[in-house]
Amino acid sequence: MLAFILRRAIQAIGVMVVVGVVAFSMFRFAGDPVNQMVSIDTSAAERARIRDQLGLNDPVLVQFSRYFVNAAQFKFGTSYQFRQPVADLLAERLPATLELATCATMLAMVFGILLGVHSALRRDSLLAKVFQAISLVGISLPTFLIGILLIYLFAVVLGWLPSFGRGQVVRIGWWTTGLLTLSGLKALIMPSITLGLFQMTLIMRLVQAEMLEVLRTDYIRFARARGLTTRAIHFGHALRNTLVPVITVAGLQFGSVIAFSIITETVFQWPGMGLLFVQAVQNVDIPIMAAYLMMVSLIFVTINLLVDILYTVVDPRLRSTISRPA
Amino acid sequence: MSEPVLSVRNLEVEFANRHRTLRAVDGVSLDIEKGEVLGVVGESGAGKSVTGLAVIGLIDPPGRISGGEIRLAGLRIDDLPPEEIRKVRGKRIGMIFQDPLTSLNPLYRIGDQLVETMRTHLNLSEGAARKRAIALLAEVGIPAPDKRIDGYPHQFSGGMRQRVVIALAICAEPELIIADEPTTALDVSVQAQIIALIKRLGRDHGTAVMLVTHDMGVIAETCDRVAVMYSGRIAEIGPVQDVVRNPLHPYAKGLMGAIPTLAGDTHRLVQIPGAMPRLSAIPPGCAFNPRCGFVFDRCRVERPEPKPQGSQIVACHLYDSSVRNSAA
């Protein structure tokens, strides 16, 4: 088991090195960084001095190793537009994005699984048909449109919820949270729904399809022949088997929720990493873009690792294949 | 004679789709006494498995029991509400399915599956159920049961898994076990062990067994009585020695002729020409008439009803004396 985790961790580092190369190459292909930092009237000598100071004259490999080693310590350089360390900017924005993404994913998981199970067990009920219709909307409407519609209905027409921002936040150490204030919670509702709706419909459809598949298996028939209660068969035996593939998708979806929170954060002016990234793109702030790329990749890779470990918790068959590597 | 454990009368099972209704079981009647092993034999699609599933109440829609009645020790069970028949399943009727590799939930320890089943039906504490589970695993011949009880299904071989399935089927001391082709998916060497196990358990616990199979060897070796099914009907039913040595129905004759023997005579095995009709195209009269070597006019128009003939009951016009005389 330990060997398995170690092997996966080494693979993860490999992935991060490749992402590092991509992030690093942005600096070299997106224009001359010195030009971005200095004003028009800076002398050529001064430019050369800055260039030397930044180590831009060193061989590429040296520059890359320096960048990667720094990045591994979460030192991503200085933002061109804010003149602040990128790491600080990200750390400031990270809690907002993580809270939004976690909230959206929880919403998607809880409702996705509940609705999926319901529509698998009561395929012909009216409620299941309603869910199917909603899921079609969730799959086909673009995120920003849902966000704007929600804002129009609940913020403009009804005036129940704030249309933008994070509300009041509480600072705990370096982490800022909106979960402890009423305005923070209210502000979280619409962005979470907007961000989570697509994932929810995806999980719902996946759970429904998997559950129908599992209910046809021999061991469910045998469980019925053993006279187990319907409840035990559906929620004890069928649901657990259904969750194996759901975990994969939900895990990967958490990564994309973070990555694609850009749109939701823009619509709701949510002060998270996504909004920071959009501003960075507009201002060609390459250190932020590169750091964002690395951060999102790190989150993806970490989640993948966790999903792999979680598999072995759910499915005992994988434990033995892992302890005996092929 | 006391009440039979299982009594099936004129059972009909239909499967309906939008276009038509197919009758998979058509007027089956059979009894199983306490401690008796009844073999149910026939080709694929003869309705053997459906009969077994109907008894335990597991016919899924669009299928349904459309006629007849099923009694378990006198109690009618075919029209029980779902929650009541659920309590009968596992508790009073145990079922063993064909494929042990897929019969067990892969995510749960076998001990947990046993304990769960027992605690559903019997008033047992967790600890007592576990103790009983270990004893059961020992009884079905699993070595080191106190260790293996914490194993997962994938850690057992096919034969061992079928033993676990059997333990699960008998864990609440049912009066009847339905074994639906319990050895078909197993190695030949393991088949004999599993059959011997089912037979021993039936004898030790006085359990009635309905053994569904298409293996005549298994039938001859295990059963007290045998029912030969064809196209959803019982062609012949009787004590196993009589049916094997002296089959009456032409179809039963054909089946027995197809058993290879180790004895000296090396004649070719007898084949029954043709194939069993599909449910959608059962011929009028006797369903076997297109393949029957003894067919005469009446077989093509009138369906033969089961009638006693010696120790056997057979559904064939050949044994209706009045008709044979008039046909001759």
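Quick mapping for you: the protein sequence lines, in order, are chains X and S. For what it's worth, this note's numbering labels the leading residue of the first sequence as 744, then goes sequentially. For what it's worth, this note's numbering labels the leading residue of the second sequence as 656, then goes sequentially. Just so it is clear, CB atoms sit at the ideal spot from N, CA and C, and this is done for glycine as well.
- Three or more C-beta pairs closer than 8 Å, one from the stretch 967-977 of chain S and one from the stretch 892-912 of chain S: is that the case here? yes
- Task: Starting from residue 875 of chain S, trace the beta strand (DSSP E) both ways and give me its first and last residue.
- Result: Taken as a continuous stretch (DSSP letters only), residue 875 of chain S belongs to no beta strand (DSSP E), being part of the alpha helix (DSSP H) at 871-877.
- Task: Could you tell me which residues DSSP pairs with residue 722 of chain S in its beta bridges?
- Result: Beta-bridge pairing links residue 722 of chain S to S/667.
- Message: Spatial neighbours of residue 833 of chain X within its chain, please: C-beta separation below 7 Å, excluding the five flanking residues on both sides.
- Response: 1016, 1034, 1038
- Message: According to DSSP, is residue 1025 of chain X part of a helix, a strand, or is it coil?
- Response: helix
- Query: When the distance is taken between beta carbons, is residue 878 of chain S closer than 8 Å to residue 692 of chain S?
  - Reply: yes
- What does residue 962 of chain X reach in chain S if we use C-beta pairs closer than 7 Å? Within chain S, the residues near residue 962 of chain X are 757, 758, 759, 760.
- Task: Determine the direct distance from the alpha carbon of residue 1044 of chain X to that of residue 802 of chain X, and round the result to whole angstroms.
- Result: 29 Å
- Which chain X residues sit within Cβ distance under 8 Å of residue 908 of chain S? What residue 908 of chain S touches in chain X: nothing, since even the nearest Cβ is about 35 Å away.
- Message: Between which residues of its own chain and residue 944 of chain S is the CB-CB distance below 7 Å, once the five residues before and five after are set aside?
- Response: 938, 950, 954, 955.
- Partner residues on chain S for residue 980 of chain X, Cβ-Cβ distance less than 7 Å: Neighbours of residue 980 of chain X on chain S, chain order: 760.
- Message: Contact criterion: CB-CB distance below 8 Å. Does residue 815 of chain S meet it with respect to chain X?
- Response: no
- Message: Contact between the stretch 836-848 of chain S and the stretch 754-762 of chain S is defined here as three or more beta-carbon pairs at a separation below 8 Å; is this criterion met?
- Response: yes
- By the 10 Å Cβ neighbour count, where 16 or more other Cβ atoms means buried, how is residue 703 of chain S classified, buried or exposed? Buried, because 16 or more other Cβ atoms sit within 10 Å of the Cβ of residue 703 of chain S.
- Task: Mark residue 980 of chain S as exposed unless 16 or more other C-beta atoms lie within 10 angstroms of its C-beta, in which case mark it buried.
- Result: Residue confidence for residue 980 of chain S is low, a pLDDT of 47 falling below 50, so the modelled location carries little weight; the figure read from the coordinates is stated next. Residue 980 of chain S should be labelled exposed.
- Query: Any residues in the stretch 863-882 of chain X with a beta carbon nearer than 7 Å to a beta carbon of chain S? Which ones, in chain order?
  - Reply: So the list is empty, because no residue satisfies the distance condition.
- Message: Please report the distance separating the alpha-carbon of residue 1057 of chain X from that of residue 844 of chain X.
- Response: Residue 1057 of chain X and residue 844 of chain X: Cα-Cα distance of roughly 24 Å.
- Task: Look at the alpha carbon of residue 792 of chain S and the alpha carbon of residue 659 of chain S, and state the distance between them as a whole number of angstroms.
- Result: So the alpha carbons of these two residues sit roughly 29 Å apart.
- Name the chain X residues that come within less than 8 Å of residue 752 of chain S, Cβ to Cβ? 961, 964, 965, 968
- Does DSSP classify residue 912 of chain X as helix, strand or coil? coil
- Run down chain X in chain order and give the residues with a C-beta less than 8 Å from the C-beta of residue 775 of chain S. 969, 970, 971, 972, 975
- Item | Span of the alpha helix (DSSP H), counted from its first residue to its last, around residue 696 of chain S | Following the DSSP letters along the chain, one finds residue 696 of chain S in no alpha helix (DSSP H) but inside the beta strand (DSSP E) bounded by residues 692-696.
- Query: When we look at the beta-carbon of residue 761 of chain X and count the other beta-carbons within 10 Å, is it buried (16 or more) or exposed?
  - Reply: exposed
- Task: Determine the extent of the beta strand (DSSP E) in which residue 884 of chain S is found, giving its start and end residues.
- Result: Note, residue 884 of chain S: beta strand (DSSP E), 880-885.
- Using a beta-carbon distance below 8 Å, is residue 801 of chain X in contact with chain S? no
- Query: Counting Cβ pairs, one atom from each stretch, are 3 or more of them under 8 Å apart for the stretch 765-772 of chain S and the stretch 780-789 of chain S?
  - Reply: yes
- Message: Since residue 867 of chain S and residue 834 of chain S should fall inside the 8 Å C-beta cutoff, what is the C-beta to C-beta distance between them, to a whole number of angstroms?
- Response: About 7 Å; that satisfies the 8 Å criterion.
- Message: Can you tell me whether residue 781 of chain X is helix, strand or coil according to DSSP?
- Response: Residue 781 of chain X: coil per DSSP, three-state reduction.
- Query: the stretch 692-722 of chain S: which residues have C-beta closer than 7 Å to a C-beta of chain X, in chain order?
  - Reply: 711, 713
- Query: If you check the beta carbons only, do residue 920 of chain X and residue 835 of chain X fall under 8 Å apart?
  - Reply: Between residue 920 of chain X and residue 835 of chain X, the C-beta gap is not smaller than 8 Å, which leaves the two residues out of contact.
- Task: Please work out which residues of its chain come closer than 6 Å, Cβ to Cβ, to residue 982 of chain S, disregarding the five sequence neighbours upstream and downstream, and give them in chain order.
- Result: With a pLDDT of only 44 at residue 982 of chain S, under the threshold of 50, the placement of this residue in the model should not be trusted; the figure read from the coordinates follows. If we look at residue 982 of chain S and ignore the five residues flanking it on each side, its Cβ neighbours are 951.
- Query: From residue 854 of chain S to residue 830 of chain S, what distance separates their C-alpha atoms?
  - Reply: 14 Å
- Message: I need the DSSP call for residue 686 of chain S, collapsed to helix, strand or coil.
- Response: strand
- Item | Residue nearest to residue 777 of chain X in terms of C-alpha spacing, selected from X/769, X/929, X/797 | X/797
- Within 10 angstroms of the Cβ of residue 930 of chain X, are there 16 or more other Cβ atoms? Answer buried if so, exposed if not. buried
- Item | Alpha carbon of residue 662 of chain S to alpha carbon of residue 686 of chain S, nearest angstrom | 4 Å
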